[in-house]
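Residue numbers (the numbering used here): 1 to 128. Just so you know, even glycine gets a beta-carbon here, dropped at the ideal spot from N, CA and C. Quick caveat: nothing in here was measured; it's all calculated off a predicted structure. To start, the structure itself, in structure tokens.
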């Protein structure tokens, strides 16, 4: 079974939703995805794959490299990932570690996520 497929299927699968999710999972193994490769791996026509990719692109889940090249992951996935991290209460887990680092280094320390060329601060501890 390919890496982009799940081991258990829902009782009432919706193939277009399944194919769309499989498209996203393909990015676990590669940074860029071409239309032909997407269609081939899904076992669908290029026009079907294009429609799925276009929908993902319209919601920001993927983007076109240089506006016309292969598809790459989009910022909407980063936002979802950061939401998942916030829901995992990473701040509570990081708090004692960051506090210890701040004491040892006698400096302020920060937990951040890189978003393209920008940094998103998640938690900070001021140095003594």
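- Taking the Cα positions, residue 31 is about 28 Å away from residue 10.
- Annotation: the continuous alpha helix (DSSP H) that includes residue 50 extends over 46 to 58.
- Here DSSP, grouped into helix, strand and coil, assigns residue 29 to coil.
- Every beta strand (DSSP E) of 3 residues or more that sits fully in the stretch 52 to 104 is shown, in chain order, as 62 to 64, 71 to 73.
- DSSP places residue 115 in the uninterrupted beta strand (DSSP E) bounded by 109 to 115.
- Linking residue 107 to residue 100 through their CA atoms gives a straight-line distance of about 11 Å.
- Excluding the 5 residues flanking it on each side, residue 45 has same chain C-beta neighbours closer than 8 Å at 39, in chain order.
- The beta carbon of residue 60 sits closer than 6 Å to those of 74, 75, 76, all from its chain and outside the five residues before and after it, given in chain order.
- With a 10 Å radius around the Cβ and a threshold of 16 neighbouring Cβ atoms, residue 54 comes out exposed.
- In this structure, the straight-line span from the alpha carbon of residue 118 to that of residue 103 is close to 27 Å.
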